[in-house]
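Novice: Attaching a single structure in structure tokens format; questions to follow.
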Amino acid sequence: MTARLKQQYLEKVVPTVKEKRGYKNHLQVARLKKIVVNMCVGSHGDKDDLKTAAEELATITGQRPVMTISKKAISNFKLREDIPIGTMVTLRGERMYEFLERLIMAVLPRVRDFRGVPTRSFDGRGNYSLGLEEQTLFPEINPDKVKRIQGMDITFVTNARNNEEGRELLQLLGMPFAK
Numbered sequence: 289m290t291a292r293l294k295q296q297y298l299e300k301v302v303p304t305v306k307e308k309r310g311y312k313n314h315l316q317v318a319r320l321k322k323i324v325v326n327m328c329v330g331s332h333g334d335k336d337d338l339k340t341a342a343e344e345l346a347t348i349t350g351q352r353p354v355m356t357i358s359k360k361a362i363s364n365f366k367l368r369e370d371i372p373i374g375t376m377v378t379l380r381g382e383r384m385y386e387f388l389e390r391l392i393m394a395v396l397p398r399v400r401d402f403r404g405v406p407t408r409s410f411d412g413r414g415n416y417s418l419g420l421e422e423q424t425l426f427p428e429i430n431p432d433k434v435k436r437i438q439g440m441d442i443t444f445v446t447n448a449r450n451n452e453e454g455r456e457l458l459q460l461l462g463m464p465f466a467k
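Per the numbering used here, residue 289 is the first one in the sequence shown, and the count goes up by one each step.
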């Protein structure tokens, strides 16, 4: 069974963009390659916080996260080299579309005073980054069992040529951009 957003991409987005831009081949249409979800823990090297963040990220994404390790020492942040400082997950395929659907349909409407996601977070090549302030927005997380509110960064990586194509792709998939 394919995810609804993947089916929507194949049946509606591809023909719409193909016709609008005059593409001859469906492979010219921009597509979502992967979604990277990153949670950085502020307490450096605290095993309990890292373990909890990893468990929550695994619950949210349905995939086991990888520990991220600091690359250099920064004394002002009290950070040493080669210390685990966060967790991340790279989603592709069916899990990616399922996560995107849950994000659009269930999580973003739960954000307080939500007026749409900002459009200025594109990187120039069609990739989009979004930050969430707390993990309790996801329905899989029980707010009563959360010890510490933790934010996360979500990056949507596309094969779009520019920001305009990336924005159009995400908009047609249902991303609620601010007007």
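Glycine included, each C-beta is placed from N, C-alpha and C at the ideal position. Values in this document were obtained by computation on a predicted structure and should not be read as measured data.
Tell me whether Lys294 is buried or exposed, calling it buried when 16 or more other Cβ atoms sit within 10 Å of its Cβ.
Specialist: Residue mapping note: residue 294 aligns to position 6 of the sequence shown, counting from 1. Per the 10 Å Cβ criterion, buried.
Novice: When you compare the CB positions of Val302 and Val317, do they come within less than 8 angstroms of one another, or not?
Specialist: Stepping through the sequence shown from its first residue, residue 302 is reached at position 14. Stepping through the sequence shown from its first residue, residue 317 is reached at position 29. Yes, the Cβ-Cβ distance between Val302 and Val317 is below 8 angstroms.
Novice: Between which two residues does the beta strand (DSSP E) carrying Gly419 extend?
Specialist: As a first step, residue 419 is located in the sequence shown; it is residue number 131 there, counting from the start. In this chain, the beta strand (DSSP E) harbouring Gly419 covers 416-420.
Novice: Is the beta carbon of Leu388 closer than 8 angstroms to that of Leu461?
Specialist: Locating residue 461 in the sequence shown gives position 173, counting from the first residue. Locating residue 388 in the sequence shown gives position 100, counting from the first residue. Against a cut-off of 8 angstroms, the Cβ pair of Leu388 and Leu461 comes out as a contact.
Novice: What is the rounded straight-line gap between the Cα of Val434 and the Cα of Ile392?
Specialist: Position 146 of the sequence shown, counting from 1, holds the residue named residue 434. Position 104 of the sequence shown, counting from 1, holds the residue named residue 392. Using only the alpha carbons, I get a separation of about 23 angstroms.
Novice: When you compare only the Cα positions, how much space is there between Glu386 and Gly419?
Specialist: Locating residue 386 in the sequence shown gives position 98, counting from the first residue. Locating residue 419 in the sequence shown gives position 131, counting from the first residue. The alpha-carbon atoms of Glu386 and Gly419 are separated by roughly 19 angstroms.
Novice: Helix, strand or coil for Lys312? Go by DSSP, reduced to three states.
Specialist: To locate residue 312, count along the sequence shown from 1; it is residue 24. Lys312 falls in the coil class under three-state DSSP.
Novice: Would you mind giving the Cβ-Cβ distance between Glu422 and Gly439, rounded to the nearest angstrom? I have them listed as a contact below 8 angstroms.
Specialist: Position 134 of the sequence shown, counted from the start, is the residue given in the question as residue 422. Position 151 of the sequence shown, counted from the start, is the residue given in the question as residue 439. Cβ-Cβ separation between Glu422 and Gly439: approximately 6 angstroms, consistent with a contact (criterion under 8 angstroms).
Novice: CB Ser358 to CB Leu367, shorter than 8 angstroms?
Specialist: Within the sequence shown, the letter at position 70 stands for residue 358. Within the sequence shown, the letter at position 79 stands for residue 367. Between Ser358 and Leu367, the C-beta gap is smaller than 8 angstroms, which places the two residues in contact.
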